[in-house]
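A short worksheet on the structure shown next.
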Amino acid sequence: MTSSAPASVAPIDQTFPMVGGTAAFRFSPEGVTLLYAVPNPGYQAEVEPEGTGMKAEFEGAGGKYRVDVWWADGPQHEIRVDND
1 MTSSAPASVA
11 PIDQTFPMVG
21 GTAAFRFSPE
31 GVTLLYAVPN
41 PGYQAEVEPE
51 GTGMKAEFEG
61 AGGKYRVDVW
71 WADGPQHEIR
81 VDND
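The opening position of the sequence shown corresponds to residue 1 in our numbering, with each subsequent residue numbered one higher.
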């Protein structure tokens with residue numbers, strides 16, 4: 001009888017363009033890593049670990065734009081916009 005090792009999952013890169021800027025992440029079962037976060041003119045970027053994933057937030061006069069990313073049986077994300 002032979003047993004095979006579990007198939008490895010190739011990392012998946014995803015880019016999230018938003019009004020405040022663009023963030024890109026690499027997703028894998030081992031976690032999420034930031035590839036880049038580039039704010040658009042008039043915005044500032046902040047990137048932090050968030051639970052088992054990460055968040056990238058762009059804040060400026062036009063509001064806050066945030067993406068939360070994590071791995072849960074595949075890449076997951078949620079985008080939040082606060083224009084108040």
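All C-beta atoms in this analysis are idealised placements derived from N, C-alpha and C, irrespective of residue type, glycine included. Everything numeric in this text was worked out from a predicted model, so none of it was measured.
ask   = Which two residues bound the contiguous beta strand (DSSP E) that contains P75?
value = P75 to D82
ask   = Is DSSP giving S28 helix, strand or coil here?
value = strand
query = Using DSSP with H/G/I as helix, E/B as strand and the rest coil, what is G53?
reply = strand
ask   = When DSSP labels each residue in this structure, what does V19 get in the three-state scheme?
value = Coil, per DSSP.
key: Limits of the beta strand (DSSP E) - the one that V69 falls within   = G63 to W71
key: W71 versus N40, V38 and T33, residue with shortest Cα-Cα distance   = T33
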